[in-house]
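Q:
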Amino acid sequence: MPNMKSHDGLVLGLEGTAWNLSAALFGEGLVALHSSPYVPPKGGIHPREAAQHHASMMKEVVGRVLTEPERIRAVAFSQGPGLGPSLRTVATAARALSIALDVPLVGVNHCVAHVEIGRWATGFSDPIVLYASGANTQVLGYLNGRYRIFGETLDIGLGNALDKFARSHDLPHPGGPIIENLAREGDYIELPYTVKGMDLAFSGLVSAAQESTAPLEDVCAGLQETAFAMCVEVTERALAHAGKDEVLLVGGVGANRRLQEMLQVMCEDRGAAFAVPERTFLGDNGAMIAYTGKVMLEHGVTLPLDESQIRPGYRADEVRVTWREDEPGRVFAAGPHEGGVAHGAEAVVEIREEDVVKRRTGKRYRNPGLDRRLITERTRAEARLIATARRAGVPTPVIRDVTADTIVMERVEGEVLKYVTTPETIRLAGEAVGRLHGAGIVHGDLTTSNMIVRGDQCVLIDFGLASTSPEVEARGVDLHVFFQTLESTTEEFEELKQAFVEGYAGAFPEAEEVLAREHEVELRGRYL
Numbered sequence: 000m001p002n003m004k005s006h007d008g009l010v011l012g013l014e015g016t017a018w019n020l021s022a023a024l025f026g027e028g029l030v031a032l033h034s035s036p037y038v039p040p041k042g043g044i045h046p047r048e049a050a051q052h053h054a055s056m057m058k059e060v061v062g063r064v065l066t067e068p069e070r071i072r073a074v075a076f077s078q079g080p081g082l083g084p085s086l087r088t089v090a091t092a093a094r095a096l097s098i099a100l101d102v103p104l105v106g107v108n109h110c111v112a113h114v115e116i117g118r119w120a121t122g123f124s125d126p127i128v129l130y131a132s133g134a135n136t137q138v139l140g141y142l143n144g145r146y147r148i149f150g151e152t153l154d155i156g157l158g159n160a161l162d163k164f165a166r167s168h169d170l171p172h173p174g175g176p177i178i179e180n181l182a183r184e185g186d187y188i189e190l191p192y193t194v195k196g197m198d199l200a201f202s203g204l205v206s207a208a209q210e211s212t213a214p215l216e217d218v219c220a221g222l223q224e225t226a227f228a229m230c231v232e233v234t235e236r237a238l239a240h241a242g243k244d245e246v247l248l249v250g251g252v253g254a255n256r257r258l259q260e261m262l263q264v265m266c267e268d269r270g271a272a273f274a275v276p277e278r279t280f281l282g283d284n285g286a287m288i289a290y291t292g293k294v295m296l297e298h299g300v301t302l303p304l305d306e307s308q309i310r311p312g313y314r315a316d317e318v319r320v321t322w323r324e325d326e327p328g329r330v331f332a333a334g335p336h337e338g339g340v341a342h343g344a345e346a347v348v349e350i351r352e353e354d355v356v357k358r359r360t361g362k363r364y365r366n367p368g369l370d371r372r373l374i375t376e377r378t379r380a381e382a383r384l385i386a387t388a389r390r391a392g393v394p395t396p397v398i399r400d401v402t403a404d405t406i407v408m409e410r411v412e413g414e415v416l417k418y419v420t421t422p423e424t425i426r427l428a429g430e431a432v433g434r435l436h437g438a439g440i441v442h443g444d445l446t447t448s449n450m451i452v453r454g455d456q457c458v459l460i461d462f463g464l465a466s467t468s469p470e471v472e473a474r475g476v477d478l479h480v481f482f483q484t485l486e487s488t489t490e491e492f493e494e495l496k497q498a499f500v501e502g503y504a505g506a507f508p509e510a511e512e513v514l515a516r517e518h519e520v521e522l523r524g525r526y527l
């Protein structure tokens with residue numbers, strides 16, 4: 000059993016999930032940091048070449064920071080997620096150092112480390128986090144001992160999307176900084192915008208950008224404005240849903256000034272605080288592993304050598320955040336709205352005695368052309384699909400009037416589902432969604448904020464992202480959005496999910512196929 004060195008010692012952290020090999024020492028603060036990035040001669044990262052680079056540079060990188068080995072009290076390493084060959088190289092080095100120095104080993108989740116170094120560097124306590132890197136794009140928030148994933152990419156990460164576009168135009172790696180510079184010289188062009196509740200997808204956007212015949216600068220501007228607006232929208236939706244008042248941006252793409260600006264404007268308009276760590280702590284770096292390893296060590300979390308296998312698909316919500324277990328994580332701070340004006344993520348809602356007036360307001364962070372397009376498209380589609388769903392027997396509000404940006408509808412008396420989540424109410428939600436899918440409609444934003452329990456019914460509201468689709472994939476994604484929200488905001492997820500499935504299957508004959516597809520969506524790799 001390795002010795003536990005005194006608390007005045009240091010934690011050595013090794014990061015090497017992808018392109019950057021980095022080592023750092025953390026004590027009361029950052030003591031040392033040295034990195035050696037792998038730069039592919041052309042194209043994207045090749046996993047085997049990246050691992051060979053890490054192996055060849057390991058001695059030098061570690062040697063630059065490990066000047067006082069007697070002070071080391073633990074070795075922390077990035078256990079996942081990431082590229083398998085790179086992870087294995089770093090894990091092997093970490094085990095060897097742990098044995099040689101006779102100190103404990105700490106396995107760190109790479110995504111959680113980004114969040115923790117961000118909290119440390121900015122002083123933020125309980126933020127909604129937009130984590131945007133090459134392989135990962137997620138919106139996270141802390142609740143009941145874990146970092147819950149409110150939303151994420153359903154295909155590729157934001158950074159990889161930018162790199163993919165850059166490669167198609169023979170731009171060097173990484174593509175993000177070059178696209179940012181070109182975008183400053185261009186004008187916005189319209190490209191596909193894909194948001195599904197709190198999840199998003201970039202593949203269609205990248206394909207359309209690659210095929211565009213517009214000037215490169217204009218395509219870069221359209222690509223960047225569209226992708227970033229998608230990220231800010233889902234971040235705002237999570238902020239509104241969770242009742243938190245801080246937003247933190249982490250990950251390598253967080254260095255983009257335009258993305259920072261858009262998040263800052265969104266937070267100003269919502270009365271939330273915004274912060275981004277200094278550039279040193281944004282991209283993959285050893286400091287975040289060393290710091291998170293230090294915090295974990297101080298709370299008794301170590302990793303036996305025989306359990307130190309790498310985890311290429313290691314998700315943030317699998318980590319038990321023991322160092323924050325005394326904090327419940329603020330969610331749903333405000334009680335159910337009973338009157339007046341409510342500011343949602345997408346619209347201002349005026350609740351009158353008999354009616355509800357939903358007016359989509361412009362978003363200052365979005366390009367004006369994109370903003371006008373989304374407001375008009377979503378308002379018209381919402382009114383049409385609410386009426387269609389109601390005719391099919393789905394509990395929805397009665398539409399009274401529609402204009403270009405406003406819908407006047409019946410006020411639904413009842414309790415918002417997120418405040419009354421029980422197996423019985425969730426079963427009602429499953430029945431309503433089953434009827435909706437049976438009518439050929441996908442909601443697009445199935446969260447417990449968009450359902451109202453009225454007697455023995457669950458009324459579906461907020462059809463702003465809804466569409467008609469007979470596809471199993473679209474329905475599966477719809478359910479995935481709901482299950483993800485349920486898991487991120489409740490403690491009895493499995494019981495509640497089963498209740499939903501019972502209600503859904505009872506109302507929709509094709510439920511089995513859709514539920515199988517939802518499970519496929521859940522299992523899809525969202526990492527490198």
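Heads up: the sequence shown at position 250 corresponds to 249 in numbering that gives the first Met the number 0, and the numbers run straight through without jumps.
Even for Gly, the Cβ is constructed at its ideal location relative to N, Cα and C.
These numbers were taken from a predicted model, which means no experiment stands behind them.
Can you tell me which of E151, G185, A134, D169 puts its alpha carbon nearest to the alpha carbon of A160?
A: Closest option to A160, Cα to Cα, is A134.
Q: Any heavy atom of the ligand NAD closer than 6 Å to the CB of D316?
A: The ligand NAD is not part of the structure shown, which contains no ligands of any sort.
Q: Within the chosen definition, does the segment 97 to 116 reach the segment 73 to 81 through at least 3 CB pairs nearer than 8 Å?
A: yes
Q: To the nearest angstrom, report how far apart E48 and P40 are at their CA atoms.
A: 11 Å
Q: For a quick check, are the C-beta atoms of I425 and L495 less than 7 Å apart?
A: yes
Q: If the criterion is Cβ atoms closer than 7 Å, does the pair R410 and V347 meet it?
A: no
Q: Count the other CB atoms, across all protein chains shown, that sit within 10 Å of the CB of N180; report buried if there are 16 or more and exposed otherwise.
A: exposed
Q: What number of angstroms, rounded off, separates the C-alpha of G253 from the C-alpha of E267?
A: Answer to the nearest angstrom: the Cα atoms are 18 Å apart.
Q: Indicate whether L104 and L302 have their beta-carbon atoms separated by less than 7 Å.
A: yes
Q: Just to check my reading of the structure: V111 and V318 have Cβ atoms closer than 8 Å, yes? What is that Cβ distance to the nearest angstrom?
A: 5 Å
Q: For the pair the segment 112 to 131 and the segment 208 to 220, tell me if three or more CB-CB distances fall below 8 Å.
A: no
Q: Using the rule of at least 16 other Cβ atoms within 10 Å of the residue's Cβ for burial, across every protein chain shown, is R310 buried or exposed?
A: buried
Q: Along the chain, where does the beta strand (DSSP E) containing N108 start, and where does it finish?
A: 104 to 108
Q: Is the beta carbon of T234 less than 7 Å from the beta carbon of V138?
A: yes
Q: Any contact between the segment 76 to 88 and the segment 7 to 25? By contact I mean 3 or more CB pairs, one from each, below 8 Å.
A: Contact between the segment 76 to 88 and the segment 7 to 25 is present: 3 or more CB-CB pairs across the two stretches fall below 8 Å.
Q: Buried or exposed: Q308, going by 16 or more other Cβ atoms within 10 Å of its Cβ?
A: Counting Cβ neighbours within 10 Å, Q308 comes out exposed, since fewer than 16 surround it.
Q: Looking at P126: is its Cβ nearer than 7 Å to the Cβ of V300?
A: no
Q: In whole angstroms, what separates the C-alpha of P335 from that of K417?
A: Note that P335 scores 42 on pLDDT, short of 50, meaning its location in the model is unreliable and no value can be drawn from it.
Q: Is D400 helix, strand or coil when you go by DSSP?
A: strand
Q: For my contact list, C219 and A182 are in at a C-beta cut-off of 8 Å; report their separation, rounded to the angstrom.
A: 4 Å
Q: Name the DSSP bridge partner or partners of D354?
A: E409
Q: Could you tell me the boundaries of the alpha helix (DSSP H) in which Y503 lies?
A: 492 to 506
Q: Output yes if chain D places a C-beta closer than 7 Å to the C-beta of G502; else output no.
A: Structure shown: chain D not included; a single protein chain is present.
Q: Measuring straight from C-alpha to C-alpha, what distance separates T136 and V128?
A: 10 Å
Q: Please report the residue range of the beta strand (DSSP E) in which V318 lies.
A: Where V318 is concerned, there is no enclosing beta strand (DSSP E), given that its DSSP letter is neither H nor E.
Q: So is A515 buried or exposed if we call it buried at 16+ other beta carbons inside 10 Å?
A: exposed
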